[in-house]
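See structure below.
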Amino acid sequence: MNARTAVILAIALAAAPIHAQSPDPTLAAAARWIGRSLILRGFYAPNELHYDPAGKAEGTPKSTDWTLAGVDLEAIKRIDPATLELDGVRVAIRFNPDNQLFERHPQKDQHLKILVAIPGTGSPSNQLLGTEPIEETLARIFSIGIDPALQRSMPDFWRHYFDPHIAWDGEPVYPAPATVTAPPTLAHRTDVPETPEAEHDKVRGSLLMRLTVDEHGAVKFVSVLKPLGYGLDARAIEQVRRWTFTPAQASGAPAPMKLDIAETFAPRPPLR
0 MNARTAVILA
10 IALAAAPIHA
20 QSPDPTLAAA
30 ARWIGRSLIL
40 RGFYAPNELH
50 YDPAGKAEGT
60 PKSTDWTLAG
70 VDLEAIKRID
80 PATLELDGVR
90 VAIRFNPDNQ
100 LFERHPQKDQ
110 HLKILVAIPG
120 TGSPSNQLLG
130 TEPIEETLAR
140 IFSIGIDPAL
150 QRSMPDFWRH
160 YFDPHIAWDG
170 EPVYPAPATV
180 TAPPTLAHRT
190 DVPETPEAEH
200 DKVRGSLLMR
210 LTVDEHGAVK
220 FVSVLKPLGY
230 GLDARAIEQV
240 RRWTFTPAQA
250 SGAPAPMKLD
260 IAETFAPRPP
270 LR
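Mapping to numbering that gives the first Met the number 0: the sequence shown position 25 is 24, numbers consecutive.
Below is the structure:
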């Protein structure tokens, strides 16, 4: 090949059209979930999770409180033709009593890796709306904010916080206030431990619970009145259910009575 031929060939190659890599609609649809205020449905505790194409977690991962199940997605990639990898960090959620909002606090040292099997075909609604099947899968894995379905999946003490009008099954008839001669008094309590996330972020503050002390002094029907977050509400209620009381007295007999109890998390004194 002489020099003139080489130059012509080089010009021809340079002028040939360059075909961009075909876009990946599944990856593009999944990437739209980055930046959203996500919470893991099921409130799973492990920082590595695997989901099938229907958005169901594989195995039996342990659950935590929903205030420790937030997620900030940072990157999404296709690791093979059938699997997406979602990378991000866990988020703790704290209630701000000043603005009455739940606020998100990323836990930068808790990295999450979530593997999701890509669905083959979507539901009729996907096809009707023209959305990608992966979006339906991700909607089953995450809530965006605290949606009604997420609230319904919470333990009863949180469901009663979000909807105070829910009736308790088996709630007793309480005596008229005028007949109560003595309120319940605490007979035995256990301390409430902090969660690692709350200890790491030095969370301080109080939460308020409402409960019933029955005629035997046992704790029933506990709900959150003023939350704190960071998993501390669940920790407090777990311990409060173990407390015992001397029951209230009404008309000369033990009687059930509602009681509001605050639990405060304050700085610990230095070790001596």
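Just so you know, even glycine gets a beta-carbon here, dropped at the ideal spot from N, CA and C.
On a predicted model such as this, the values are computed, not experimentally measured, just so you know.
In its chain, beyond the 5 residues on either side, ALA56, PRO60, LYS61, SER62, THR63, ALA68 have a beta carbon closer than 8 Å to the beta carbon of TYR43. Per the DSSP secondary-structure output, LEU149 pairs with nothing in a beta bridge. DSSP assignment within the region 132-199 yields the following whole alpha helix (DSSP H) runs of 4 residues or more, N-terminal first: 132-140, 147-151, 155-161, 195-199. In this structure, the CA atom of GLU214 is about 13 Å from the CA atom of LEU185.
For PRO24, the enclosing alpha helix (DSSP H) has its first and last residue at 24-30. Between GLY54 and THR136, the C-beta gap is smaller than 7 Å, which places the two residues in contact. Non-local beta-carbon contacts of THR211 in its own chain, meaning distances under 6 Å to residues more than five positions away in sequence, involve LYS219, PHE220, PRO255, LYS257 in chain order. Taking a C-beta distance under 7 Å as the contact criterion, TYR229 and THR178 do not qualify as a contact pair. Beta bridge pairing from DSSP links PRO253 with GLN248. Annotated three-state conformation of GLU84 is strand, per DSSP. Counting along the chain, GLU47 sits inside the beta strand (DSSP E) bounded by residues 47-50. The Cβ-Cβ distance between ARG241 and THR180 does not fall below 7 Å. In the DSSP assignment, GLN106 forms a beta bridge with ARG89. In the three-state reduction of the DSSP assignment, ILE117 falls in the coil class.
The Cβ-Cβ distance between PHE94 and PRO226 falls below 7 Å.
Pairing VAL88 with LYS107 gives a Cβ-Cβ distance under 7 Å. A distance below 7 Å separates the beta carbons of PRO118 and PRO52.
Here DSSP, grouped into helix, strand and coil, assigns GLU57 to coil.
Contact between ALA29 and ILE75 is confirmed by a C-beta separation of about 5 Å, below the 8 Å threshold. Closest in alpha carbon position to PRO183, among ASP71, ARG151, GLY216, LYS201, is GLY216. DSSP, read as helix, strand or coil, puts ARG203 in coil. With respect to ALA138, SER205 sits apart: the two C-beta atoms are not nearer than 7 Å. Judged by DSSP in its simplified three-state form, ALA265 adopts coil rather than helix or strand. Out of PHE101, GLY34, PRO45, LEU83, the CA that lies nearest to the CA of GLU73 is found in GLY34.
Between VAL202 and ARG234, the gap from beta carbon to beta carbon reaches 7 Å or more.
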